[in-house]
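>
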Amino acid sequence: LAKTTQPISMDSYEGQEVNITCSHNNIATNDYITWYQQFPSQGPRFIIQGYKTKVTNEVASLFIPADRKSSTLSLPRVSLSDTAVYYCLVGDWAGGFKTIFGAGTRLFVKA
Amino acid sequence: EADIYQTPRYLVIGTGKKITLECSQTMGHDKMYWYQQDPGMELHLIHYSYGVNSTEKGDLSSESTVSRIRTEHFPLTLESARPSHTSQYLCASSDGLAGGNTGELFFGEGSRLTVL
């Protein structure tokens, strides 16, 4: 399983764009990159997934460079409700992959 | 809206009691998982299943046991609860990456267990 490294915490202000970078130097060819969001006392929720280049949905964008050794989750114009823990996961779910969450990045959005 | 349900949501019991945390999903997912998480701490995988009659232990050693007799049902049992088992237990399911799916995990609302 590819190990991931993320900042432990980040602070931001409402209305700003937030970029959280995840390092995954030993990512395998079949691995996808997936991000989850978790609010206190709730289970994580899927945000976005990508394999290479850029992926965008209604919530976030995911930027993946050509070497795929890192990825950046971009949250446009954050609000107080975006305060949460964000997890970067790397793996191949096609087979018997067991999903392991790391420590994640604790994002705190201030008014 | 994810169709995965956990009961009970909250449970307070005494030491030595046997408890079962229920988890059911109506999405037909083959893969199911149990995670344990203390407040403000990391999620730890304690059990997972790839399908009926398939169960494996996760990365965090746990005294709990699981069973998977039906696709939709993945209960977790503690034969003799202790205060060290006090935690939140989160159940999840996934259908993997086949068929263009993302393999995302769908989580239940969790069961918060307190052992006195």
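Chains A and B supply the protein sequences, listed in that same order. Numbering-wise (the numbering used here), the first sequence opens with residue 1 and increments by one. Numbering-wise (the numbering used here), the second sequence opens with residue 1001 and increments by one. Just so you know, even glycine gets a beta-carbon here, dropped at the ideal spot from N, CA and C.
1) Under a CB-based cut-off of 8 Å, is B:Gly1108 close to chain A?
2) Helix, strand or coil for B:Ser1062, going by three-state DSSP, please let me know.
3) Whose C-beta lies closer than 6 Å to the C-beta of B:Glu1056 among residues of the same chain, with five residues either side of it excluded?
4) Please classify B:Arg1009 as buried or exposed, where buried requires at least 16 other C-beta atoms within 10 Å of its C-beta.
5) Report buried or exposed for A:Pro44, applying the criterion of at least 16 other Cβ atoms within 10 angstroms of its Cβ.
6) Measure the C-alpha to C-alpha separation of B:Ala1105 and B:Ser1094 and round it to an integer number of angstroms.
7) Does the contact criterion of 3 or more C-beta pairs under 8 Å hold for the stretch 1081-1089 of chain B versus the stretch 13-22 of chain A?
8) Leaving out five residues on either side along the sequence, give the residues of the same chain with a beta carbon under 6 Å from the beta carbon of A:Val85.
9) Take A:Glu17 as the anchor and find which of A:Ile100, A:Ala111, A:Arg68, A:Val78 has the nearest alpha-carbon.
10) How about A:Ile64 and A:Ser71: are their beta carbons less than 8 Å apart?
11) How about B:Leu1116 and B:Thr1015: are their beta carbons less than 8 Å apart?
12) Shorter than 8 Å from the beta carbon of B:Tyr1089 to some beta carbon of chain A?
13) Does the separation of the CB atoms of A:Ile48 and A:Ala66 fall below 8 Å?
14) What does A:Ala84 reach in chain B if we use C-beta pairs closer than 7 Å?
15) Based on DSSP bridge pairs, tell me the residues matched to B:Ile1004.
16) List the whole-angstrom C-beta distance separating B:Ser1064 from B:Leu1078, where the pair is believed to meet the contact cut-off of C-beta under 8 Å.
17) Any Cβ of chain A within less than 8 Å of the Cβ of B:Asp1059?
18) Strictly under 8 Å for the Cβ-Cβ distance: is B:Thr1102 near chain A by that measure?
19) Look at the alpha carbon of A:Asp92 and the alpha carbon of A:Ser81, and state the distance between them as a whole number of angstroms.
The answer reads as follows:
1) yes
2) coil
3) Tyr1048
4) exposed
5) buried
6) The question names Ala, yet the displayed sequence has Leu at residue 1105 of chain B. Roughly 5 Å separates the two Cα atoms.
7) no
8) Gln38, Gly104, Arg106
9) A:Val78
10) yes
11) yes
12) no
13) no
14) The contacting residues do not exist; A:Ala84 stays about 12 Å from chain B at best.
15) B:Gln1025
16) 5 Å
17) yes
18) yes
19) 31 Å
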